[in-house]
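These notes are about the structure you will find just below.
Numbering (the working numbering), first residue to last: 158 to 680.
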């Protein structure tokens, strides 16, 4: 297995893997934005992999090898690549993990169904789903047939009547024929039509009971391609585990990334085609360019070749509770992790609220406050907070970060993604801006409170120039008293400093920007 992340985050990914998954440090290898590790028990830890907060994506490895000795010429390099990706044994572990992953996802859906349905109904419904998945016909063809079911067939399925909307299905579905539920009845009948068309050999009663389960598994009122595909995928997993399928129904496509010297050799499109049929032959999976179940990702550099399958289509960094993200979620999680928990947290430049949302998702018992001078950003943050369900935990205010509307020493932690003077420019002189900002942070922080600040590498030294040089420095040694307001112009800055001490700094790369997370404690 391996996880990927931005440069500088590898150490935090490694630490999280050790804490969440119980992986020993000796079984972890960090290299080029990737963290390789071995799971002690795959069977019960697949779901834990999807809970990693610091990683961008998690992959099940197919093959990883040192590429340096095969770069003498293009033919030698390609022979080694083709050989490794044609060996069936390299896909055994990936197939096992993917089966466990789909099984865990299905079990979560099945548990929800079990709470509301009798056992016999569940068994019949699962049988319908399983039969749907093992059918050899193409999914899109099945879906078209389902949508073309005639109203007369619907009448035969559920009883006497002239049209679908006027049929009474109260004997088969736990619904009453009130006017408020007439639309729900019609939606349920459409699901019944789909199930009956997929498995016409079953009796109408069996099909209806199976459709009832499909109705509860799918979240949407309307049966669409995405919801039905998820249900069928669960059935495919069951077929593989029970031995009813040969595994060839899993679809994939190739995704190849090259860097360094080999990039000049490769025609990526041609290499993808050449590798696709080899991977298909070795794994038993079917190649499909449009909407495949998984991707086979190959990263080739002058040093290494790494091939793997991501466990999720979307990156883990795309949080379900953040609708419109600002700062990258893994970097926000690292900053919250470095804060080491608190009871009262402030983000004086909250922007879209990513830092506060990430912190609240970890510790809901604390109080969170966000301020920003930009009304547009605050509006976006308010929408994010509402959709995440954290309205009672996070309070947003319009305020200037140089004049915060809070009493002295009220916050345990201050989290802030400060402007880099790039995408968000700094108004006025950067020295004055950061001195006023740090002074205000120091004012609202409690004694021994902590500030976790994200800034650029270019501005790191400027920020550090205002820090106390020694942890044991006394307040009298600083020209700026603890509770005074900062000066209004840079002519009076002199050698003044703030009562903050640099505990640690951590390099991270944000796209093409080199940044630094600074951990500061108040003296």
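Virtual Cβ for every residue (Gly too), placed ideally from N, Cα, C.
To the nearest angstrom, how far is it from the Cα of residue 519 to the Cα of residue 208?
-> Taking the chain shown and counting its residues from 1, one reaches residue 519 at position 362. Taking the chain shown and counting its residues from 1, one reaches residue 208 at position 51. C-alpha of residue 519 to C-alpha of residue 208: approximately 12 angstroms in a straight line.
Euclidean distance between Cα positions of residue 487 and residue 181 = Residue numbering aside, residue 487 sits at position 330 when the chain shown is read from its first letter. Residue numbering aside, residue 181 sits at position 24 when the chain shown is read from its first letter. Residue 487 and residue 181: Cα-Cα distance of roughly 22 angstroms.
C-alpha gap between residue 225 and residue 458, whole angstroms | One-based indexing of the chain shown puts residue 225 at position 68. One-based indexing of the chain shown puts residue 458 at position 301. Cα to Cα, the separation comes out at about 9 angstroms.
Counted within 10 angstroms of its Cβ, other Cβ atoms place residue 541 as buried (16 or more) or exposed = Locating residue 541 in the chain shown gives position 384, counting from the first residue. Per the 10 Å Cβ criterion, buried.
Using beta-carbon positions only, say whether residue 512 and residue 574 come within less than 8 angstroms of one another.
-> Translated into the one-based positions of the chain shown, residue 512 becomes position 355. Translated into the one-based positions of the chain shown, residue 574 becomes position 417. It is a contact, given that the beta carbons lie within the stated cut-off.
Status (buried if at least 16 other CB within 10 Å, exposed otherwise) for residue 550 | Position 393 of the chain shown holds residue 550. Counting Cβ neighbours within 10 Å, residue 550 comes out buried, since at least 16 surround it.
Could you pull the start and end residues of the alpha helix (DSSP H) that residue 539 belongs to?
-> Within the chain shown, residue 539 is the residue found at index 382, counting from 1. Segment 532–545, the alpha helix (DSSP H) holding residue 539.
Residue 231 versus 615, 418, 570, residue with shortest Cα-Cα distance | If you number the chain shown from 1, residue 231 lands on position 74. When only C-alpha atoms are compared, the closest one is 418.
By Cβ distance below 7 angstroms, which residues in the same chain neighbour residue 534 in space, the five residues on each side in sequence not counted?
-> For this step, residue 534 is matched to residue 377 along the chain shown. Excluding sequence neighbours, residue 534 sits near 508, 509.
Backbone CA spacing between residue 162 and residue 484 [nearest angstrom] | Residue mapping note: residue 162 aligns to position 5 of the chain shown, counting from 1. Residue mapping note: residue 484 aligns to position 327 of the chain shown, counting from 1. Rounded to the nearest angstrom, the two C-alpha atoms are 14 angstroms apart.
For residue 572 versus residue 502, is the C-beta spacing smaller than 8 angstroms?
-> What you label residue 572 is simply residue 415 of the chain shown in a count that begins at 1. What you label residue 502 is simply residue 345 of the chain shown in a count that begins at 1. Going by C-beta atoms, residue 572 is nearer than 8 angstroms to residue 502.
DSSP on residue 369, reduced to helix/strand/coil?
-> The residue labelled residue 369 in the question sits at position 212 within the chain shown. With a pLDDT of 48 at residue 369, under the threshold of 50, the predicted position of this residue should be treated as unreliable, though the coordinate-derived value follows. Residue state, collapsed to three classes: helix.
The alpha helix (DSSP H) spanning residue 489 covers which residue range?
-> The residue you call residue 489 lines up with position 332 of the chain shown. Run containing residue 489: 486–496, per the alpha helix (DSSP H) assignment.
Beta-carbon proximity of residue 433 to residue 416, cut-off 8 angstroms = What you label residue 433 is simply residue 276 of the chain shown in a count that begins at 1. What you label residue 416 is simply residue 259 of the chain shown in a count that begins at 1. Contact: no.
Taking the CB atoms as reference points, tell me whether residue 452 and residue 436 lie closer together than 8 angstroms.
-> In the chain shown, residue 452 corresponds to position 295, counting from 1. In the chain shown, residue 436 corresponds to position 279, counting from 1. Not in contact: residue 452 and residue 436 (Cβ atoms no closer than 8 angstroms).
Just the Cα atoms here: how many angstroms apart are residue 678 and residue 479?
-> Against the chain shown, residue 678 aligns to sequence position 521. Against the chain shown, residue 479 aligns to sequence position 322. So the two alpha carbons sit approximately 29 angstroms from each other.
Segment limits, beta strand (DSSP E) that includes residue 415 = By 1-based counting over the chain shown, the position of residue 415 is 258. It spans 408–415 - the beta strand (DSSP E) in which residue 415 sits, taken as one unbroken run.
Ignore the nearest five residues each way along the sequence and tell me which others in residue 526's own chain have a CB closer than 6 angstroms to its CB.
-> As a first step, residue 526 must be located in the chain shown, where it is residue number 369. Within the same chain, residue 526 has close Cβ partners 503, 552.
Top-ranked residue by Cα proximity to residue 589, from 558, 570, 564 = In the chain shown, counting from the first residue as 1, residue 589 sits at position 432. Nearest of 558, 570, 564 to residue 589, Cα basis: 558.
Tell me the start and end of each unbroken beta strand (DSSP E) in the region 557–610 that is at least 3 residues and wholly inside, in chain order.
-> Segments of the beta strand (DSSP E) lying fully in the region 557–610: 568–574.
The region 167–174 in contact with the region 185–195 per 3-pair CB rule at 8 angstroms | yes
Does DSSP classify residue 479 as helix, strand or coil?
-> Position 322 of the chain shown, counted from the start, is the residue given in the question as residue 479. Collapsing the DSSP output to three states places residue 479 in coil.
Where does the unbroken alpha helix (DSSP H) through residue 239 begin, and where does it stop?
-> As a working note, residue 239 is residue 82 in the chain shown. Segment 231–243, the alpha helix (DSSP H) holding residue 239.
Distance between residue 468 and residue 449 (C-alpha atoms, nearest Å) | Taking the chain shown and counting its residues from 1, the one referred to as residue 449 is at position 292. Taking the chain shown and counting its residues from 1, the one referred to as residue 468 is at position 311. Spanning the two alpha carbons is a distance of roughly 13 angstroms.
Opposing strand residues paired with residue 467 [DSSP bridges] | The residue given as residue 467 occupies position 310 in the chain shown. Partner(s): 216.
Contacts around residue 412, its chain only, beta-carbon distance under 6 angstroms, and the 5 residues preceding and following it disregarded = Position 255 of the chain shown, counting from 1, holds the residue named residue 412. Excluding positions up to five away in sequence, the list reads 452, 454.
Which residues DSSP lists as bridging residue 169, in chain order = Your numbering for residue 169 matches position 12 in the chain shown. None, per the DSSP bridge assignment.
Taking the alpha helix (DSSP H) that residue 180 falls in, what are its first and last residues?
-> Your numbering for residue 180 matches position 23 in the chain shown. For residue 180, no alpha helix (DSSP H) segment is defined, and its DSSP state is neither H nor E.
Any idea if residue 497 is buried or exposed, counting beta-carbon neighbours within 10 angstroms, 16 or more meaning buried?
-> Position 340 of the chain shown, counted from the start, is the residue given in the question as residue 497. By the 10 Å Cβ count, residue 497 comes out exposed.
Counting along the chain, where does the alpha helix (DSSP H) carrying residue 425 start and finish?
-> Start at 1 with the first residue of the chain shown, and residue 425 comes out as number 268. From DSSP, the alpha helix (DSSP H) with residue 425 extends over 425–440.
Endpoints, the beta strand (DSSP E) within which residue 192 is located = On the chain shown, position 35 is the one that residue 192 refers to. It spans 191–194 - the beta strand (DSSP E) in which residue 192 sits, taken as one unbroken run.
Closest Cα partner of residue 599 within the set 566, 620, 539, 583 = Sequence index remark: in the chain shown, residue 599 carries index 442 (1-based). Closest by alpha carbon: 566.
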